[in-house]
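>
In mature numbering (1 follows the signal peptide of the UniProt record, and there is no 0), the protein residues as written are -16 to -1, 1 to 475.
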């Protein structure tokens, strides 16, 4: 009897292992541990090794989540345009500030995502995105950034928090009619918690998202094993900031004088009261505000870190850009978008920064809404699909000498005109979920870069060697390691 039980157990185990294998005709990938797969990874070196071994379409799995990685630009662009790959994975809802976990523009899906995305795009346009006075708002922050950097008096400093605050102020004025002083303590807590989470990040931090059973562990063990308290503290603090902002708008709301995106949402929410089918809800508003808070500050913050690092590492480009700027812009006037045609190197520098840095190693995950096919491979419903941005941006099929920082690749033969990349560029994503703030981000990046170049010589501090590039990976976000740089005002 005992032998029969053991034999039955072995048979059941073998059956379970066989059922757990990579589905037939799925993309190739590394050998997987039964019932677990492999640890998740977020670095470009591992991704490049997989691409070299298995090709342009690779699969891997962690827990119950299977991921397909796409390394080829044309395949990625075609897949991202397909409606069956427009959803986000379900685990994104774990971090939502919406009590129903369905609202927002970043992590939501289906009808609610389409509704909230349309609302955000329409109102950001109405509130200035793409219009001339948005440029004025950016240059107000650019002037504030210049003045903030001057306050250091040529002292060697790490990347300042003002890099993040200037970007936050632009989007936050449209969203919440609020502007922060660049050295304000009002956002210091969020910045500190963000840094704490990033500094303590490890691949283990995301295991509970991939293996939901781990969420049943006692909180103490989750904190010790996965650093769960860091992430939750950040989410809780973000919830507090958003709630305070929305509550204040509800108190001050004047239906005849909407001031910003929150007021416009409140207006639609009040007009649809009593309509059970309405998608205008307080929880969805909270998540929209949170999405825009993060997108409006984090991305440009890290872009400016890369700009400062590259200016210090390649001062010859800074000198050439200064010569272009000085030839067309008086020192007492900020660079404007009207000057862009006369400043091709500035634009080429910023676009090459986006390619070279590949700040996001992978584009944000999508999820297959049904069984599908990619390049002849079977993609089961629920499979996550990610685009390997770094690999595409460093693919020799699209870029000559891809690991070299070379802004001239975006200039014509005479170096007098900027030429946009036609392929192999994925910095703002593609398809149905292409970044809603791409236009704003490009404007900010150009004008902030021009402001720094126009007013400062950026140099490494004594003893700081930038020739050996040191990059830190913060959960899939590439950033130059903290280096003390000097922002020396130009005479």
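Using N, Cα and C, we set each Cβ at its ideal position, and we do this for glycine too.
Given this structure, state the Cα-to-Cα distance separating residue 395 from residue 280, to the nearest angstrom.
When rounded, the distance between both Cα atoms is 29 Å.
> Suppose the cutoff is 7 Å on Cβ atoms and the five residues either side in sequence are ignored; what does the same chain contact list for residue 390 look like?
Here the set comprises 336.
> Output yes or no for whether 9 Å exceeds the beta carbon distance between residue 153 and residue 435.
No.
> If I measure Cβ to Cβ from residue 243 and keep anything under 6 Å in the same chain, skipping five residues before and after, which residues do I get?
Cβ neighbours of residue 243 beyond the five flanking positions: 161.
> Give me the DSSP bridge partner(s) of residue 430.
Answer is none; residue 430 lacks a bridge partner.
> Have a look at residue 95 and residue 248 and give me their C-alpha separation to the nearest angstrom.
Taking the straight line from one Cα to the other gives about 20 Å.
> As a quick exercise: from 365, 409 and 408, pick the residue whose alpha carbon is nearest that of residue 73.
If we check each option's Cα against that of residue 73, 365 comes out closest.
> So, is residue 441 buried or exposed, given that buried needs 16 or more other C-beta atoms within 10 angstroms?
It counts as buried.
> Please classify residue 455: is it buried, with 16 or more other beta-carbons within 10 angstroms of its beta-carbon, or exposed?
Exposed is the call here.
> Identify which residue in 108, 57 and 75 has its Cα closest to the Cα of residue 420.
Nearest option by C-alpha distance: 108.
> Quick one: using the 10 Å Cβ neighbour count with 16 as the cut-off for buried, is residue 387 buried or exposed?
Under this definition residue 387 is an exposed residue.
> Touch check for the segment 286 to 300 and the segment 427 to 434: three-plus C-beta pairs under 8 Å?
The segment 286 to 300 is in contact with the segment 427 to 434.
> Alpha carbon to alpha carbon, how far is residue 100 from residue 1? Give it in angstroms, no decimals.
Interpretation of residue 1 is limited by its pLDDT of 47, a score under 50 that renders its predicted location unreliable; the figure taken from the coordinates is listed afterwards. If you take the alpha carbons of residue 1 and residue 100, they lie about 42 Å apart.
> Could you tell me the alpha carbon to alpha carbon distance between residue 428 and residue 20, rounded to whole angstroms?
Straight-line Cα distance between these residues: approximately 43 Å.
> Looking at the structure shown, is residue 360 part of a helix, part of a strand, or coil, going by DSSP?
Residue state, collapsed to three classes: coil.
> Among 51, 415, 392 and 413, which residue has its Cα nearest to the Cα of residue 404?
The option with the nearest alpha carbon to residue 404 is 392.
> So which of 409, 256 and 401 has the shortest CA-CA distance to residue 382?
Cα-wise, what sits closest to residue 382 is 409.
> If contacts are defined as beta-carbon pairs under 8 Å, then residue 338 and residue 399 qualify, I think. What distance do you get, rounded to the angstrom?
With 8 Å as the limit, residue 338 and residue 399 do not qualify as a contact, their Cβ atoms being about 20 Å apart.
> Quick check: the Cα distance between residue 38 and residue 376, rounded to an integer number of angstroms?
Going by the C-alpha atoms only, they are around 16 Å apart.
> Exposed or buried, what is residue 438 when buried is set at 16 or more other beta-carbons lying within 10 Å of its beta-carbon?
By the neighbour-count rule (16 or more Cβ atoms within 10 Å), residue 438 is buried.
> Roughly how many angstroms lie between the CA atoms of residue 472 and residue 234, to the nearest whole one?
Roughly 45 Å between the two C-alpha positions.
> Whether or not the segment 352 to 364 and the segment 61 to 69 are in contact is what I'm after, with contact meaning three or more pairs of Cβ atoms, one per stretch, closer than 8 Å; do they touch?
Contact between the segment 61 to 69 and the segment 352 to 364 is present, because at least three Cβ pairs lie under 8 Å.
> For residue 360, count neighbouring Cβ atoms within 10 angstroms of its own Cβ and tell me buried if that reaches 16, exposed if not.
Its Cβ having fewer than 16 others within 10 Å, residue 360 is exposed.
> Buried or exposed for residue 82, going by 16 or more other Cβ atoms inside 10 Å?
Buried.
> Alpha helix (DSSP H) containing residue 152: first to last residue?
Taken as a continuous stretch (DSSP letters only), the alpha helix (DSSP H) holding residue 152 covers 146 to 160.
> Around the Cβ of residue 137, are there at least 16 other Cβ atoms within 10 angstroms (buried) or fewer (exposed)?
Looking at its Cβ environment, which holds fewer than 16 other Cβ atoms inside 10 Å, residue 137 is exposed.
> For the beta strand (DSSP E) containing residue 43, name the first residue and the last one.
Residue 43 -> beta strand (DSSP E) spans 41 to 46.
> From the DSSP output, read off the bridge partner residues of residue 51.
Bridge partners of residue 51: 44 and 368.
> Closer than 8 Å by C-beta to residue 265: which residues in its own chain qualify, once you throw out the five before and the five after it? Chain order, please.
Same-chain partners within the cutoff: 82, 84, 87 and 253.
> Within 10 Å of its beta-carbon, does residue 308 have 16 or more other beta-carbons around it, so buried, or fewer, so exposed?
Buried, since its Cβ has 16 or more Cβ neighbours within 10 Å.
> Give the range of the beta strand (DSSP E) segment to which residue 464 is assigned.
It spans 462 to 464 - the beta strand (DSSP E) in which residue 464 sits, taken as one unbroken run.
> If we ignore side chains and look at the alpha-carbon of each, how far apart do residue 300 and residue 368 end up?
If I take the Cα positions, the gap works out to 43 Å.
> Could you spell out the range, first to last residue, of the beta strand (DSSP E) harbouring residue 469?
First-last of the beta strand (DSSP E) with residue 469: 469 to 473.
> For the alpha helix (DSSP H) holding residue 250, just list the boundary residues, first then last.
Residues 245 to 255.
> Below 8 Å CB to CB, which residues in the same chain sit around residue 227 once its five sequence neighbours on both sides are set aside?
Closer than 8 Å at Cβ, skipping near neighbours: 270.
> Just to confirm my understanding: we take residue 262, look at its own chain, exclude 5 residues before and 5 after, and list those with CB closer than 7 Å. What are they?
Excluding positions up to five away in sequence, the list reads 256.
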